[in-house]
């Protein structure tokens with residue numbers, strides 16, 4: 312396998328990463344906004360994912376020097392290049408993942424207290 316492909320799958324295949332990218336495709340977001348948009352994602356995991364995506368150059372952290380300090384996360388050019396990929400996955404899911412399957416997956420996750428699919 313191509314090492315670049317493997318690395319891309321390693322980055323993008325992590326849990327929550329796709330949902331974070333989707334949320335950031337509509338524009339810059341603050342930490343609290345991302346927490347609300349990606350229901351069930353803990354603050355610790357969100358921080359980890361944001362750091363990972365920043366270290367890969369997919370997002371950037373913008374600090375506004377005001378009181379209180381405001382921090383936003385936004386996609387870089389590299390991150391925005393993922394829009395067709397995210398759109399293609401969404402289209403594939405719409406065409407191939409039955410609603411019942413998605414609902415069952417959400418029910419299972421809720422039973423494990425991993426996420427709240429009512430907001431998804």
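Residue numbers (this note's numbering): 312 to 431. Every residue gets a Cβ at the ideal spot worked out from N, C-alpha and C, and that includes glycine.
| Check | Outcome |
| --- | --- |
| Residue burial classification, residue 410 (beta-carbon count within 10 angstroms, cutoff 16) | exposed |
| Cβ separation of residue 345 and residue 323, assumed to be a contact under 8 Å, to the nearest whole Å | The pair is not a contact, with the Cβ atoms about 17 Å apart (cut-off 8 Å). |
| Residue 387 vs residue 360 beta-carbon contact at 8 Å | no |
| Cβ shell of residue 385 (< 8 Å), same chain only, five flanking positions each side left out | 335, 338, 339, 340, 370, 371 and 373 |
| Test item: CB-CB of residue 364 and residue 342 under 8 Å | no |
| Buried/exposed call for residue 390, threshold 16 Cβ in 10 Å | buried |
| Residue 386, enclosing beta strand (DSSP E) - first and last residue | 381-386 |
| Supposed contact pair residue 353 and residue 397 - C-beta distance, whole angstroms, cut 8 Å | 22 Å between Cβ atoms; not a contact. |
| Cβ-based burial, residue 412 [other Cβ within 10 Å; buried from 16] | exposed |
| Straight-line Cα distance separating residue 377 from residue 403 | 43 Å |
| According to DSSP, residues forming a beta bridge with residue 316 | The partner list for residue 316 (beta bridge, DSSP) is empty, contrary to what the question assumes. |
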